[in-house]
Each structure stands twice: as structure tokens, then as C-alpha cells.
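Engineer: Quick one: the structure is below, and I'll ask about it shortly.
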């Protein structure tokens with residue numbers, strides 16, 4: 113998957129975005145439920161760093177977009193983790 117320009121102007125997001133994209137790709141190719149659960153957990157941890165950002169500004173659209181993308185990724189990874197637990 114090619115990395116697309118997100119349009120979010122934040123060096124912290126940009127750095128973490130590369131990590132999240134890589135982890136998502138690894139999650140997508142994982143073959144077993146245990147592998148998927150482990151990759152999902154790594155993704156949750158990476159995304160949580162953005163959700164815990166101390167520089168978050170409610171009025172900033174970049175911050176709002178970052179938070180929304182991060183929340184969506186976290187919810188998706190949590191769902192993968194739950195389904196993987198059932199599949200074991």
C-alpha cells in the first residue's frame with residue numbers, strides 16, 4: 113500500500129503515521145489469530161501516543177482530524193483483537 117499524503121500538518125502525527133501505516137500493513141498480512149491480536153495491540157499502543165498528545169488544541173482542525181483518525185484506528189484494532197480472541 114502506498115503512503116498517501118494525509119494533509120494533517122503536524123510533525124508528531126507525520127512521524128507516528130508512518131509507524132501506524134506499517135503496523136496496519138503487518139496486521140493485514142498476519143495469518144493467525146494470535147498474530148493479528150499481537151499486531152492489533154501494537155497498533156493500539158502506537159495510536160494511543162497520538163490520543164495522549166499534550167499539544168492537542170480543540171480549535172485546531174489538524175488536531176481534530178488526528179484525533180478522529182486515531183480513534184477510528186484504535187476502535188478497528190480493538191475489534192480485530194476481540195475477534196482474534198474468539199477465533200483462538
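Numbering (the working numbering), first residue to last: 113 to 200.
All C-beta atoms in this analysis are idealised placements derived from N, C-alpha and C, irrespective of residue type, glycine included.
None of the values given here were measured: they were computed from a predicted structure.
#1: With distances taken between CB atoms, is the gap from residue 136 to residue 155 smaller than 8 angstroms?
#2: Identify whether residue 121 lies in helix, strand or coil by the three-state DSSP scheme.
#3: Flag this pair as yes or no: are the beta carbons of residue 72 and residue 152 separated by less than 8 angstroms?
#4: Taking 7 angstroms as the cut-off, does the CB of residue 175 come closer than this to any heavy atom belonging to the ligand ADP?
#5: Under a Cβ-count criterion, where at least 16 other Cβ atoms within 10 Å of its own Cβ denotes burial, should residue 141 be classed as buried or exposed?
Structural biologist: Reading it off the structure:
#1: Their beta carbons are under 8 angstroms apart, which means residue 136 touches residue 155 by this criterion.
#2: Assigned with DSSP and collapsed to three states, residue 121 falls in coil, not helix or strand.
#3: The structure shown has nothing for residue 72, since the chain only spans 113 to 200.
#4: As presented, the structure is devoid of all ligands, the ligand ADP included, so that no description of it is given.
#5: Within 10 angstroms of the beta-carbon of residue 141 lie fewer than 16 other beta-carbons, which makes it exposed.
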